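J.: In my numbering, the protein residues as written are 126 to 518.
One structure is given below, represented as structure tokens, and several questions about it will come after.
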Amino acid sequence: MTDSILLDVKYYYFFAILPYFTLPPNGILISAPNGEFPPGTRCPRSARRGQRRHARRRRPPWRARGECGLILQTPRRAAPPARAAEHRRRHAIRRPADAVPRLRGEPLMLHALRHHWPEYLAEAGGLAAMMLVLALAVTAAEVPLIPALGALPPLARRGLEALAGAATVTAMVYSPWGRQSGAHFNPALTVAFTLMRRMRAWDAVFYMLAQIAGGLAGLLLGRVLLGSVLRRPPVLWLTIVPGSAGDLVAFLAEFSGAFVLMSVLLLVGGVKRIAALTGLAAGVLMFAFLAVEAPVSGFSLNPARSLATALPSGIWTAWWVYLLASPLGMAAAALVNREAHLPSLRCAKLLHDGGVRCIHCGYVPPVPGMAAQPGATPCRTADAAGSSSPAAL
126 MTDSILLDVK YYYFFAILPY FTLPPNGILI SAPNGEFPPG TRCPRSARRG QRRHARRRRP
186 PWRARGECGL ILQTPRRAAP PARAAEHRRR HAIRRPADAV PRLRGEPLML HALRHHWPEY
246 LAEAGGLAAM MLVLALAVTA AEVPLIPALG ALPPLARRGL EALAGAATVT AMVYSPWGRQ
306 SGAHFNPALT VAFTLMRRMR AWDAVFYMLA QIAGGLAGLL LGRVLLGSVL RRPPVLWLTI
366 VPGSAGDLVA FLAEFSGAFV LMSVLLLVGG VKRIAALTGL AAGVLMFAFL AVEAPVSGFS
426 LNPARSLATA LPSGIWTAWW VYLLASPLGM AAAALVNREA HLPSLRCAKL LHDGGVRCIH
486 CGYVPPVPGM AAQPGATPCR TADAAGSSSP AAL
């Protein structure tokens, strides 16, 4: 009796381990006697289901093309290190242009502050210089410090102020600061270029903050140099108010002036043969506006300039005119230029220099002794040498 029980146990374990040694290549288990399977084994149907799942996993991964044209693997599977590095390299060339590539995961605001601060300082310094020169010119013309200037009629004195302002604007456009940042020096111009997608939002925000700070700093520096003369009438911190025609006429005058200025800048800068005259065109228009429009609206065309004079003086008369008219006028000019398919600046710089980087279009000047990057020309319009001659944008 005991021997028969032991024999049955031996046969039972023999048939229990037999399927593991007789498993064919197709993965289907051999059935045990009487159609029963020992514990711990799988039936043929479940084995086939496992094979089907394994076959689905063995299928070739889904492939798609990225923006740079590189074949990508399935999103669930990381690309090999070599292919990932190649993808990042090629993708960095075709990503939205920037002279300083941004690291993956780096916040846009921190990247802009860390790498674009020279352009922000150039904007602040340019408007500070313009406000200082304007303060000196207006004080010399309005206050009888020089008897010869005091004897001139009002129109002649206003012409001298306009000439000083226009010369300063032209000089700042062609200055190293202007070539570095693009010579905006005006939040309205920055807003228009942002709406045209010529510059990024964070750069526009820091440009405008720098312009406001620079305008106020230039006026305060004039206060240090001129003393109390700058804060007393008739100079009174260079404050501007609408003329006797009213606020609506002043708004229309500011709007029209901004529209004409932006239209001319886009047209002149968009033609390669005359693109180098963009700064001169801006200076001529500023002279005309200062001489003609000043009695009507006071002539600002620059919200940063208006804010810089209103803060120390405390005079906010019809300030909404100077806050809204010039940005709306320049935005309207940009819209008309786009819809009419007219020549236009391809970048947020009024003048492009082949030796200065551009944070707006991504141009990087070639390093001496090294080959230039493919397509590394200022907005695709600079000469082959990439020299100091300004090119159309």
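Just so it is clear, CB atoms sit at the ideal spot from N, CA and C, and this is done for glycine as well.
In this text, all values refer to a predicted model and were calculated from it rather than measured experimentally.
1. Kindly give me the distance between the Cβ atoms of Ala-260 and Leu-351, rounded to whole angstroms, as I take these residues to be in contact under 8 Å.
2. Residues in its own chain within less than 7 Å of Ala-326 by CB, not counting five upstream and five downstream?
3. Could I get the ranges of all uninterrupted alpha helix (DSSP H) runs contained in the stretch 233-290, with 4 residues as the minimum, in chain order?
4. How should Pro-312 be labelled, buried or exposed, when 16 other C-beta atoms within 10 angstroms of its C-beta is the threshold for buried?
5. Roughly how many angstroms separate the alpha carbons of His-309 and Pro-279, rounded to a whole number?
6. Determine the extent of the alpha helix (DSSP H) in which Asp-328 is found, giving its start and end residues.
7. Can we say the stretch 368-378 touches the stretch 286-304, given the rule of at least three CB pairs closer than 8 Å?
8. For Pro-420 and Gly-368, what's the separation of their Cα atoms in angstroms?
9. Hey, out of Trp-242, Asp-328 and Ser-425, whose CA is closest to Ser-381's CA?
10. Looking at the unbroken alpha helix (DSSP H) that takes in Trp-441, where does it start and where does it end?
11. Using the C-alpha atoms, what's the distance from Pro-243 back to Ser-306?
12. On the CB-based measure, 16 or more other CB atoms within 10 Å of its CB, does Ala-83 come out buried or exposed?
13. Apart from the five residues just before and just after Gly-408, which ones in its own chain have a Cβ nearer than 7 Å to its Cβ?
14. Taking Ala-413 as the reference, give the member of Leu-392, Thr-403 and Leu-386 with the closest Cα.
15. Spatial neighbours of Ala-433 within its chain, please: CB distance less than 6 Å, with the 5 preceding and 5 following residues excluded, ordered by chain position.
16. Please report the Cβ distance between Met-324 and Met-255, rounded to the nearest whole angstrom; I am assuming they are in contact, meaning their Cβ atoms lie under 8 Å.
17. By the 10 Å Cβ neighbour count, where 16 or more other Cβ atoms means buried, how is Gly-394 classified, buried or exposed?
18. Within 10 angstroms of the Cβ of Pro-96, are there 16 or more other Cβ atoms? Answer buried if so, exposed if not.
19. Taking 8 Å as the limit between beta carbons, can you name the residues of its chain near Gln-329, skipping five residues before and five after?
20. Going by the beta-carbon positions, is the gap between Val-417 and Thr-264 smaller than 8 Å?
21. As an exercise, report each continuous alpha helix (DSSP H) stretch of at least 4 residues that is fully enclosed by the stretch 384-469, in chain order.
22. Alpha carbon to alpha carbon, how far is Asp-372 from Pro-428?
23. Quick check: what's the CA-CA separation for Asp-106 versus Pro-468?
24. For the alpha helix (DSSP H) containing Gly-303, name the first residue and the last one.
25. Report back the beta-carbon spacing between Leu-475 and Gly-404 to the nearest angstrom; my notes put them in contact at under 8 Å.
26. Roughly how many angstroms lie between the CA atoms of Ser-388 and Met-455, to the nearest whole one?
27. Who are the near neighbours of Leu-392 in its chain, counting only those whose CB is closer than 8 Å to its CB and skipping five residues on each side?
28. Grab the span of the alpha helix (DSSP H) containing Trp-475 for me, first residue to last.
29. In whole angstroms, what separates the C-alpha of Ile-399 from that of Arg-357?
30. Would Ile-271 be called buried (16 or more neighbouring beta carbons within 10 Å of its own) or exposed?
31. Out of curiosity, what's the CA-to-CA distance linking Val-268 and Arg-430?
32. Could you have a look at Phe-318 and say whether DSSP puts it in helix, strand or coil?
T.: On the basis of the supplied data:
1. The residue you call residue 260 lines up with position 135 of the sequence shown. The residue you call residue 351 lines up with position 226 of the sequence shown. Yes, they are in contact, since the Cβ atoms of Ala-260 and Leu-351 sit about 7 Å apart, within 8 Å.
2. Here residue 326 is taken as the residue at index 201 of the sequence shown, counted from 1. Answer for Ala-326: Thr-319, listed in chain order.
3. 233-240, 242-267 and 272-275
4. Within the sequence shown, numbered from 1, the residue matching residue 312 stands at position 187. Under this definition Pro-312 is a buried residue.
5. Position 184 of the sequence shown holds residue 309. Position 154 of the sequence shown holds residue 279. Using only the alpha carbons, I get a separation of about 30 Å.
6. The residue you call residue 328 lines up with position 203 of the sequence shown. Its alpha helix (DSSP H) spans residues 326-351.
7. no
8. Locating residue 420 in the sequence shown gives position 295, counting from the first residue. Locating residue 368 in the sequence shown gives position 243, counting from the first residue. Each residue's Cα considered, the two are about 6 Å apart.
9. Here residue 381 corresponds to residue number 256 of the sequence shown, with the count starting at 1. Residue Ser-425 is the option with its Cα nearest to Ser-381.
10. For this step, residue 441 is matched to residue 316 along the sequence shown. Note, Trp-441: premise wrong, no alpha helix (DSSP H); not H, not E.
11. What you label residue 306 is simply residue 181 of the sequence shown in a count that begins at 1. What you label residue 243 is simply residue 118 of the sequence shown in a count that begins at 1. Approximately 8 Å between the Cα atoms of the pair.
12. A query on residue 83 cannot be resolved here, the shown segment of the chain reaching from 126 to 518 and no further.
13. In the sequence shown, the residue the question calls residue 408 occupies position 283. Ala-291, Ala-292, Val-294 and Thr-295, listed in sequence order.
14. Position 288 of the sequence shown, counted from the start, is the residue given in the question as residue 413. Out of Leu-392, Thr-403 and Leu-386, Leu-386 has the C-alpha closest to the C-alpha of Ala-413.
15. If you number the sequence shown from 1, residue 433 lands on position 308. Only Gly-340, Leu-341 and Leu-344 meet the Cβ criterion.
16. Here residue 324 corresponds to residue number 199 of the sequence shown, with the count starting at 1. Here residue 255 corresponds to residue number 130 of the sequence shown, with the count starting at 1. No, Met-324 and Met-255 are not in contact; Cβ-Cβ is about 21 Å, not under 8 Å.
17. By one-based count along the sequence shown, residue 394 stands at place 269. By the 10 Å Cβ count, Gly-394 comes out buried.
18. This structure gives no information on residue 96, because the portion of the chain shown stretches from 126 to 518.
19. Position 204 of the sequence shown holds residue 329. Checking the sequence shown, residue 329 turns out to be Ala, not Gln. Excluding sequence neighbours, Ala-329 sits near Thr-315, Val-316, Phe-318 and Thr-319.
20. In the sequence shown, counting from the first residue as 1, residue 417 sits at position 292. In the sequence shown, counting from the first residue as 1, residue 264 sits at position 139. Contact: no.
21. 403-417, 419-422, 428-438 and 444-464
22. Here residue 372 refers to the residue found at position 247 of the sequence shown. Here residue 428 refers to the residue found at position 303 of the sequence shown. Asp-372 and Pro-428: Cα-Cα distance of roughly 16 Å.
23. Lying before the first or after the last residue shown, residue 106 is absent from the chain, which here runs from 126 to 518.
24. Taking the first residue of the sequence shown as position 1, residue 303 is located at position 178. 301-306 is the span of the alpha helix (DSSP H), which, as asked, contains Gly-303.
25. The residue you call residue 475 lines up with position 350 of the sequence shown. The residue you call residue 404 lines up with position 279 of the sequence shown. About 7 Å separates the two Cβ atoms, so the contact holds.
26. The residue you call residue 388 lines up with position 263 of the sequence shown. The residue you call residue 455 lines up with position 330 of the sequence shown. Computed Cα separation, rounded: 8 Å.
27. In the sequence shown, residue 392 corresponds to position 267, counting from 1. Hits under 8 Å: Asn-462, Leu-467, Pro-468 and Ser-469.
28. Looking up residue 475 in the sequence shown gives position 350. Before going on, a small fix: residue 475 reads as Leu here, not Trp. Where Leu-475 is concerned, there is no enclosing alpha helix (DSSP H), given that its DSSP letter is neither H nor E.
29. Within the sequence shown, the letter at position 274 stands for residue 399. Within the sequence shown, the letter at position 232 stands for residue 357. Approximately 44 Å between the Cα atoms of the pair.
30. Stepping through the sequence shown from its first residue, residue 271 is reached at position 146. Exposed.
31. Counting from one through the sequence shown, the residue named residue 268 turns up at place 143. Counting from one through the sequence shown, the residue named residue 430 turns up at place 305. About 21 Å.
32. On the sequence shown, residue 318 is found 193 positions in, with the first residue counted as 1. Helix, per DSSP.
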